[in-house]
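Have a look at the structure below, then the notes.
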Ligand SMILES: NC(=O)c1ccc[n+]([C@@H]2O[C@H](COP(=O)([O-])OP(=O)(O)OC[C@H]3O[C@@H](n4cnc5c(N)ncnc54)[C@H](O)[C@@H]3O)[C@@H](O)[C@H]2O)c1
Ligand SMILES: [Zn+2]
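In the working numbering, the protein residues as written are 1 to 362.
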């Protein structure tokens, strides 16, 4: 088992990564908290797959363990679901020393973490992420919240978990499309911060959808180390470092928005965005052509798209302007300088973006 510390001035915590460690949840929790009650929050399909293991493990805490399910899907990541969950928490008489355990992907984690943040002004919660995306990204960093009908992730808080328990074994039940979705984020970490990770993925490019156990554990650990390093230097996204993680998404978010969040999964849009960003970087002579090619090959090997059809470059450029994270009308991009190294560039001329987009639009 690996332990990665997210070292914060207040509320620092550990991320544990290891095969089979959900069975050890009680041992991980008990040195930190003797909860009065526990509530596991998950959705019906994850409950069916992994609920029993988690509840059996938590029984070792020798307190009441309740289970609440919320409906599956991003369309339920809203205040109505949070309110229903809060009703259940009041009904179960959770108090300040009770523990919420989030068992699920990014949707469950964001909702349960937010409910923990606002119930009695904050009770402890543990993240047990069950998708690759949640294991390498959403369960770490304390961003919790829900969507507003007019904008994604508009309502939320920064609220750190007591610990994060990552068991790669639970991914064996994850459908391939969700593995690919998470792999886009894994490749993203390689591109922005870890050439070694990128090289490792290249060496196993024939089996990215089903990495063998030891390798998968290593890959997840490396991603967690990168996210932890970024988060601990800029926990509330004030110095600009953490916003690197957003600007990597500048083009991906624009693609999701012009296709109404329907045509592409987040990971697919991220993949196309990574490709477009490296083309901008190459056009600006920041990135050698060879590095751009390597990214293209790795994304394709992971079953991810690197081109886009049926969308005009102008609509993407307009969507980039509307991105809520663009500051004062200026666009901001994270562009690779080499594999593993990026720079933040502002005010990229629309003509340059257009040139790059023309190369990916088919
Ligand atoms: N908080 C953050 O920092 C942060 C970062 C990135 C993304 N997010 C959020 O994460 C969400 C996306 O998360 P996601 O990609 O995990 O999607 P998700 O939570 O919707 O999970 C995808 C699907 O996989 C199923 N599933 C989960 N684990 C499974 C398993 N082990 N076996 C079989 N099926 C399983 C789920 O029921 C769901 O149908 C978005 O709402 C996004 O905004 C948050
Ligand atoms: Zn992402």
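Just so you know, even glycine gets a beta-carbon here, dropped at the ideal spot from N, CA and C.
Taking Cβ positions, are residue 130 and residue 113 nearer each other than 8 Å?
In this structure, residue 113 does not lie closer than 8 Å to residue 130 by Cβ.
Return the Cβ separation of residue 307 and residue 271 in integer angstroms, given the expectation that the two are a contact with Cβ distance under 8 Å.
Not really, about 10 Å apart at Cβ, beyond 8 Å.
State the CB to CB distance for the pair residue 336 and residue 287, rounded to an integer number of angstroms; the pair is presumed to be in contact (CB under 8 Å).
Confirmed, Cβ separation roughly 5 Å.
Taking 6 Å as the limit between beta carbons, can you name the residues of its chain near residue 369, skipping five residues before and five after?
Nothing can be reported for residue 369: it is not among the residues displayed for the chain, which extend from 1 to 362.
Residues in the same chain with beta-carbon distance under 7 Å from residue 289, minus the five sequence neighbours each way, listed in chain order, please.
Excluding residues within five positions, the ones whose Cβ falls inside 7 Å are 282.
Compute the minimum distance between the beta carbon of residue 246 and the heavy atoms of ligand 1, and state whether it is under 7 Å.
No, the Cβ of residue 246 stays beyond 7 Å of every heavy atom of ligand 1.
Given residue 185, which residues of its chain have a CB within under 7 Å of its CB, disregarding the five upstream and five downstream residues?
133, 136, 137, 267, 270, listed in sequence order.
Do residue 217 and residue 17 have their C-beta atoms within less than 8 Å of each other?
In contact: residue 217 and residue 17 (Cβ atoms closer than 8 Å).
For the candidate residues 199, 101, 263, whose alpha-carbon lies nearest to that of residue 309?
Per the Cα distances, 263.
For residue 9, name the three-state secondary structure that DSSP assigns.
Three-state result, residue 9: coil.
What is the DSSP secondary structure of residue 264, counted as helix, strand or coil?
If DSSP states are grouped into helix, strand and coil, residue 264 belongs with coil.
Is it buried or exposed for residue 124, if we count other Cβ within 10 angstroms and need 16 for buried?
Residue 124 comes out buried.
Kindly indicate which residue of 37, 86, 54 has the alpha-carbon position closest to the one of residue 21.
Taking only the C-alpha atoms, the option nearest residue 21 is 54.
Need the endpoints of the alpha helix (DSSP H) that residue 358 sits in, please.
Unbroken alpha helix (DSSP H) run through residue 358: 350 to 360.
Please report the distance separating the alpha-carbon of residue 333 from that of residue 162.
When rounded, the distance between both Cα atoms is 33 Å.
According to DSSP, is residue 63 helix, strand or coil?
Correct three-state label for residue 63: coil.
Out of 188, 240, 158, which has the shortest C-alpha to C-alpha gap to residue 296?
Comparing Cα-Cα distances from residue 296 to each of 188, 240, 158, the minimum goes to 188.
Taking 8 Å as the CB-CB cut-off, is residue 194 touching chain C?
Absent from the structure: chain C. Only one protein chain is present.
Leaving out the 5 sequence neighbours to the left and right, which residues in its chain are closer than 7 Å to residue 226 when beta-carbon positions are compared?
Contacts found: 189, 193, 194.
Going by DSSP, which residues form a beta bridge with residue 344?
BP columns for residue 344 point to 334.
Is the distance from the Cβ of residue 26 to the Cβ of residue 67 below 8 Å?
Contact flag unset, no.
Have a look at residue 110 and residue 182 and give me their C-alpha separation to the nearest angstrom.
Residue 110 and residue 182: Cα-Cα distance of roughly 16 Å.
Output the boundary residues of the beta strand (DSSP E) element that contains residue 127.
125 to 129 is the extent of the beta strand (DSSP E) around residue 127.
Does residue 50 come out as helix, strand or coil in the three-state DSSP assignment?
DSSP places residue 50 in helix when its eight states are reduced to three.
Using alpha carbons as the reference points, say which of 235, 206, 173, 175 lies closest to residue 142.
Of the listed residues, the one whose Cα sits closest to residue 142 is 235.
What do you get for residue 69, buried or exposed, if any count of 16 or more other CB atoms within 10 angstroms of its CB means buried?
By the 10 Å Cβ count, residue 69 comes out buried.
Alpha carbons only, please: which of 79, 24, 101 is nearest the one belonging to residue 47?
Checking every option, the nearest Cα to that of residue 47 belongs to 101.
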